[in-house]
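K.L.:
The structure follows.
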Amino acid sequence: NRKYKLAIDDFEEVERQHPNSEWAAHAQVMAGYSAYKGAQYDDAIVILDRFVKLHPTHPSTPYAYYLSALCYYTQISDVGRDQKMSEKARDALKDVIARFPESDYARDAKVKLDLTEDHLAGKEMEIGRYYLKRQDYPAAINRFKYVLDNFQTTSHVPEALHRMVECYLRLGVIPEAKKYAAVLGYNNP
Numbered sequence: 002n003r004k005y006k007l008a009i010d011d012f013e014e015v016e017r018q019h020p021n022s023e024w025a026a027h028a029q030v031m032a033g034y035s036a037y038k039g040a041q042y043d044d045a046i047v048i049l050d051r052f053v054k055l056h057p058t059h060p061s062t063p064y065a066y067y068l069s070a071l072c073y074y075t076q077i078s079d080v081g082r083d084q085k086m087s088e089k090a091r092d093a094l095k096d097v098i099a100r101f102p103e104s105d106y107a108r109d110a111k112v113k114l115d116l117t118e119d120h121l122a123g124k125e126m127e128i129g130r131y132y133l134k135r136q137d138y139p140a141a142i143n144r145f146k147y148v149l150d151n152f153q154t155t156s157h158v159p160e161a162l163h164r165m166v167e168c169y170l171r172l173g174v175i176p177e178a179k180k181y182a183a184v185l186g187y188n189n190p
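Going by my numbering, the final residue of the sequence shown carries number 190, and the count climbs one at a time with no gaps.
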């Protein structure tokens, strides 16, 4: 009934009253899920981390890792803000993929990881465009190059290549501009 705080309390009470029952572990996971649904992400992460430490081989452990990653993923803000949550989401999603590669959670984590990395690349592009606008070409080049080196599968690569050409042309470094233009033309005819 969307009374998530009450649900968390009730699930934690099951764990307190019946710590050795099979329901105690399930109650912990459900408390974490309730906290997630109630947008109490920090609480959910704490509950789920505790579950994982107490029950590393439980059948619900992959779900606990995945749900913890979702807590970070859900908190990703727009590219104009600090990207700490995006970085934490990326790390948590990679952890799910590495630990449980054959699970349904890993498949979904891969999709969310791609979106997270695209978001992080978008932040770098925004900073690079800021430097470009201010005519600080070396700083802009560093940001665009970072995108090319670290986010090669994102949707921002063609623009990063284009901006690299633009920066090098404005600096008068024609061979470098031609190099990036050739790559851009080859990959994006």
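Note that CB positions come from ideal geometry on N, CA and C, so glycine has one too.
Since the structure is predicted, the reported quantities are computational estimates derived from the model, not experimental observations.
Could you tell me whether the stretch 124 to 137 touches the stretch 93 to 110, where touching means 3 or more Cβ pairs closer than 8 Å?
P.N.:
No, they do not touch.
K.L.:
Go ahead and pull the three-state DSSP assignment for G39.
P.N.:
coil
K.L.:
Are the beta-carbon atoms of L162 and A140 separated by less than 9 Å?
P.N.:
Contact: no.
K.L.:
Let me confirm a value: E14 is counted as buried when at least 16 other C-beta atoms fall within 10 Å, else exposed. Which label applies?
P.N.:
It counts as exposed.
K.L.:
Using 10 angstroms around the beta-carbon of Y131, count the other beta-carbons present and answer buried if the total reaches 16, otherwise exposed.
P.N.:
exposed
K.L.:
Report the residue from D83, F12, Y138 whose alpha carbon sits nearest the alpha carbon of A36.
P.N.:
F12
K.L.:
For Q136, does the three-state DSSP call read helix, strand or coil?
P.N.:
Three-state DSSP puts Q136 in coil, outside helix and strand.
K.L.:
I'd like to check one pair, Q41 with I9: are the Cβ atoms closer than 9 Å?
P.N.:
yes
K.L.:
Sort F101, N188, I48 by Cα distance to S156 and report the nearest one.
P.N.:
N188
K.L.:
Of the choices L121, Q29, E177, whose alpha-carbon is the least far from that of N151?
P.N.:
The shortest Cα separation from N151 among L121, Q29, E177 belongs to L121.
K.L.:
Can you name, in chain order, every residue of its own chain whose Cβ lies under 7 Å from the Cβ of A32, other than the five neighbours on each side?
P.N.:
I9, F12, E13, I48
K.L.:
Determine the closest residue to A178 out of I142, D109, R100, with distance taken between C-alpha atoms.
P.N.:
I142
K.L.:
Assuming A110 and L94 are in contact, meaning their beta carbons sit under 8 Å apart, how far apart are those beta carbons, in whole angstroms?
P.N.:
4 Å
K.L.:
If the criterion is Cβ atoms closer than 9 Å, does the pair I46 and S22 meet it?
P.N.:
no
K.L.:
What span of residues does the alpha helix (DSSP H) with I175 cover, start to end?
P.N.:
175 to 188
K.L.:
Identify the continuous alpha helix (DSSP H) that holds K89 and give its terminal residues.
P.N.:
Element bounds for K89: 85 to 100.
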